[in-house]
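J.: Just so you know, the sequences run in chain order E and H.
When the letters of the first sequence are read in order and numbered with the numbering used here, they come out as residues 169 to 387.
When the letters of the second sequence are read in order and numbered with the numbering used here, they come out as residues 169 to 387.
Note that beta-carbon positions come from the ideal geometry of N, C-alpha and C, so glycine has one too.
Just so we're clear, the structure is a prediction, and the values are computed from it rather than from any experiment.
There are 2 protein chains.
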Amino acid sequence: MNVITEQKQRQRAPSKRSLETRMRIFDAAEQIFAAHGFDAATIRDIAALAGVQGALVHHHGGSKEALFAAVVARRAAALSGARTAALTALQAKGDVTLRGVICCFTHPFLDRVLGGDPGWMAYGRLIAYVSADDRWRAIASQHFDPTAKVFLAAFAQVLPGASQARLAAALVYMVSGMLSLCASRWRIDDLSGQGDDTEDLVQMFTDFSEAGFRRAVQG
Amino acid sequence: MNVITEQKQRQRAPSKRSLETRMRIFDAAEQIFAAHGFDAATIRDIAALAGVQGALVHHHGGSKEALFAAVVARRAAALSGARTAALTALQAKGDVTLRGVICCFTHPFLDRVLGGDPGWMAYGRLIAYVSADDRWRAIASQHFDPTAKVFLAAFAQVLPGASQARLAAALVYMVSGMLSLCASRWRIDDLSGQGDDTEDLVQMFTDFSEAGFRRAVQG
DNA sequence: GTCTATAATGAGATAGAC
DNA sequence: GTCTATCTCATTATAGAC
Chain E
169 MNVITEQKQR QRAPSKRSLE TRMRIFDAAE QIFAAHGFDA ATIRDIAALA
219 GVQGALVHHH GGSKEALFAA VVARRAAALS GARTAALTAL QAKGDVTLRG
269 VICCFTHPFL DRVLGGDPGW MAYGRLIAYV SADDRWRAIA SQHFDPTAKV
319 FLAAFAQVLP GASQARLAAA LVYMVSGMLS LCASRWRIDD LSGQGDDTED
369 LVQMFTDFSE AGFRRAVQG
Chain H
169 MNVITEQKQR QRAPSKRSLE TRMRIFDAAE QIFAAHGFDA ATIRDIAALA
219 GVQGALVHHH GGSKEALFAA VVARRAAALS GARTAALTAL QAKGDVTLRG
269 VICCFTHPFL DRVLGGDPGW MAYGRLIAYV SADDRWRAIA SQHFDPTAKV
319 FLAAFAQVLP GASQARLAAA LVYMVSGMLS LCASRWRIDD LSGQGDDTED
369 LVQMFTDFSE AGFRRAVQG
């Protein structure tokens, strides 16, 4: 008996059909979690939207919590990669400014989430939930803290003399604004009494963050 | 038969004991809703914390949603009053500056929520939930929009020429930062790798907001 | 991998005694 | 006003046929 053939726990590679089903389930979970939050979302809703039976959701996603974590993780790697790549490119050009570092952090997120793709739009609301709730602290730490620390180092370079605490606080304020720009545009519309232009909002959010960052880290 | 004696639906004034029980239930609901969010919170948890039976929670609070709305409403009036009073006092002095208007909006909230009172601390997290979730849009509109519009008018005075859309967006960014300062201090601590000083955080948040506001509303 | 059927649990809400 | 007991419903998760 050949041991090699048994060394992998999974005997066969997943079929193409299986992978497609899994993606449908993850996409559906992303939409439902984003629309209702973790607790109000039900496996039944997710299964119905994916067009499968509830048992299949458990088969592919495990428990409800594991499914939630998997949905968050799925796009987190792509996002972190885009952010650090942009920062690396900026540093390679030798043209590192505060605004440049800010844009390397915000644009990979805003471009995707405001770009109209339903998956990324849902992901934006999902991240707003994750960031706001202490309960998902572990998920937030795992997926976002490493990148955040890389950017804190970059911010420290362009804003020498600023304390870690102030840089961290400014970054958190900026992120909360970025998330509210994606998840709470209805509030902006309600208060301004009119629709708004996405490009203008992004532009002024960047202005807001840059000026705030620069002012806040001063002693 | 005297019609007068029946014109009120509630025949007797609530007893002192009843009012105390009601307050205990509302306080417990405030804590549980803040700790777990609306859906993960249960009437049973609230009843247990208040030291009463579940049926009594329904008696005083009505449905779960009505109880949630009542808990939010309870402190909202006091907060709005403090904000508009501070603004009125500032205007009476004739010393209206951007930073002054910002402080009239943020300090009544931050003083209470960061002041150590458990009820107000819970309320801060609760408002973070309400502001982030489309589901509570009606509650947010009812309790916060009127005050927000008063302040938008004041911001327009100290920042003439700014569009309503930009002022509204800047206010939303500021509010989201204020809420994350209360609800997500653990993120700041995690990223900075150290504890932080509350006064310093408030100071630099105000700096951040003032500079952001001023810069963002420029064309 | 996919499905049906169901187990096991816990939820919000209410009726009615006191 | 308060409590006990219970109703009704929806949930996650799993067992086992195909």
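So is D207/H in contact with chain E if we call contact Cβ pairs under 7 Å?
T.: Numbered from 1 along the second sequence, position 39 holds the residue referred to as residue 207/H. So, interface residue.
J.: Excluding sequence positions up to five away, which residues of its chain have a Cβ less than 8 Å from the Cβ of F319/H?
T.: Indexing the second sequence from 1 puts residue 319/H at position 151. Only R251, L255, V269, C272, F273 and L339 meet the Cβ criterion.
J.: With a 10 Å radius around its C-beta and 16 neighbouring C-beta atoms as the bar for buried, classify L187/H as buried or exposed.
T.: Translated into positions along the second sequence, residue 187/H becomes position 19. It is exposed - the Cβ of L187/H has fewer than 16 other Cβ atoms within 10 Å.
J.: What residues in the region 366 to 377 of chain E bring their beta carbon closer than 8 Å to a beta carbon of chain H?
T.: Under the 8 Å Cβ criterion, the region 366 to 377 of chain E contributes D368, L369, M372, F373, D375, F376 and S377.
J.: What separation, rounded to the nearest whole angstrom, lies between the Cα atoms of N170/H and A181/H?
T.: Along the second sequence, read from residue 1 onward, the residue named residue 170/H stands at position 2. Along the second sequence, read from residue 1 onward, the residue named residue 181/H stands at position 13. With a pLDDT of 44 at N170/H, under the threshold of 50, the predicted position of this residue should be treated as unreliable, and no value is reported.
J.: Pick helix, strand or coil for M169/E, following the three-state DSSP scheme.
T.: Position 1 of the first sequence, counting from 1, holds the residue named residue 169/E. Note that M169/E has pLDDT 42, beneath the 50 cutoff, so the model's placement of it is unreliable and the number below is only indicative. Reduced to three states, the DSSP call for M169/E is coil.
J.: Spatial neighbours of S248/E within its chain, please: C-beta separation below 6 Å, excluding the five flanking residues on both sides.
T.: In the first sequence, counting from the first residue as 1, residue 248/E sits at position 80. These residues qualify, in order along the chain: T315.
J.: Label T374/E either buried or exposed according to how many other C-beta atoms from any shown protein chain fall within 10 Å of its C-beta, with 16 as the threshold for buried.
T.: Reading the first sequence from its first residue, position 206 is the one you call residue 374/E. So T374/E ends up on the buried side.
J.: May I ask you to verify whether the region 349 to 358 of chain H touches the region 352 to 361 of chain E, counting CB pairs closer than 8 Å and requiring at least 3?
T.: The region 349 to 358 of chain H vs the region 352 to 361 of chain E: no contact.
J.: DSSP on Q175/H, reduced to helix/strand/coil?
T.: Walking along the second sequence from the start, residue 175/H turns up at place 7. Caution applies to Q175/H, whose pLDDT of 38 falls short of 50 and renders its modelled position unreliable; the value that the coordinates give is listed next. DSSP places Q175/H in coil when its eight states are reduced to three.
J.: Which chain E residues are close to R305/H, counting only those with a beta carbon under 9 Å from its beta carbon?
T.: For the purposes of this step, residue 305/H is taken as the residue at position 137 of the second sequence. Correct list: W354, R355 and D358.
J.: Taking Cβ positions only, does S231/E come closer than 7 Å to chain H?
T.: For the purposes of this step, residue 231/E is taken as the residue at position 63 of the first sequence. It does not; no Cβ of chain H falls within 7 Å.
J.: Helix, strand or coil: which one does DSSP assign to A181/H?
T.: On the second sequence, residue 181/H is found 13 positions in, with the first residue counted as 1. Coil at A181/H, not helix or strand.
J.: With respect to the alpha helix (DSSP H) encompassing V318/H, which residues constitute its N-terminal and C-terminal limits?
T.: Along the second sequence, read from residue 1 onward, the residue named residue 318/H stands at position 150. First-last of the alpha helix (DSSP H) with V318/H: R305 to V326.
J.: Could you tell me whether any Cβ in chain H is nearer than 7 Å to the Cβ of Y341/E?
T.: Numbered from its first residue, the first sequence carries residue 341/E at position 173. So yes, Y341/E belongs to the interface.
J.: Using a C-beta cutoff of 7 Å, does Q332/E count as contacting chain H?
T.: What you label residue 332/E is simply residue 164 of the first sequence in a count that begins at 1. Chain H, which has a Cβ nearer than 7 Å to the Cβ of Q332/E, makes this yes.
J.: Could you give the C-beta distance for E233/E and A290/E, rounded to a whole number, given that I count them as a contact under 8 Å?
T.: For the purposes of this step, residue 233/E is taken as the residue at position 65 of the first sequence. For the purposes of this step, residue 290/E is taken as the residue at position 122 of the first sequence. In fact, because the Cβ distance is near 18 Å, the residues do not count as touching under 8 Å.
J.: Any residues in the region 274 to 305 of chain E with a beta carbon nearer than 9 Å to a beta carbon of chain H? Which ones, in chain order?
T.: Answer in chain order: R293, A296, Y297, S299, A300, D301, D302, R303 and R305.
J.: Quick check: the Cα distance between L347/E and S183/H, rounded to an integer number of angstroms?
T.: Stepping through the first sequence from its first residue, residue 347/E is reached at position 179. Stepping through the second sequence from its first residue, residue 183/H is reached at position 15. Between L347/E and S183/H, the C-alpha separation is close to 46 Å.
J.: Between the Cα of R280/E and those of H311/E, A260/E and A246/E, spot the shortest distance and give me the residue it belongs to.
T.: On the first sequence, residue 280/E is found 112 positions in, with the first residue counted as 1. It is A246/E whose Cα lies nearest to the Cα of R280/E.
J.: Note down, in chain order, each residue of its chain lying with its Cβ closer than 8 Å to the Cβ of R190/H, except the 5 sequence neighbours on either side.
T.: Position 22 of the second sequence holds residue 190/H. Closer than 8 Å at Cβ, skipping near neighbours: P182 and H228.
J.: Measure the beta-carbon distance from G205/H to D301/E and round it to whole angstroms, keeping in mind my assumption that it falls under 8 Å.
T.: Counting from 1 along the second sequence, the entry for residue 205/H is found at position 37. Counting from 1 along the first sequence, the entry for residue 301/E is found at position 133. Yes, G205/H and D301/E are in contact; Cβ-Cβ is about 7 Å, under 8 Å.
J.: Assign A337/H to buried or exposed, taking buried as 16 or more other Cβ atoms, counted over all protein chains shown, within 10 Å of its Cβ.
T.: On the second sequence, position 169 is the one that residue 337/H refers to. It counts as buried.
J.: So what does DSSP say about Q259/E, is it helix, strand or coil?
T.: As a first step, residue 259/E is located in the first sequence; it is residue number 91 there, counting from the start. Reduced to three states, the DSSP call for Q259/E is helix.
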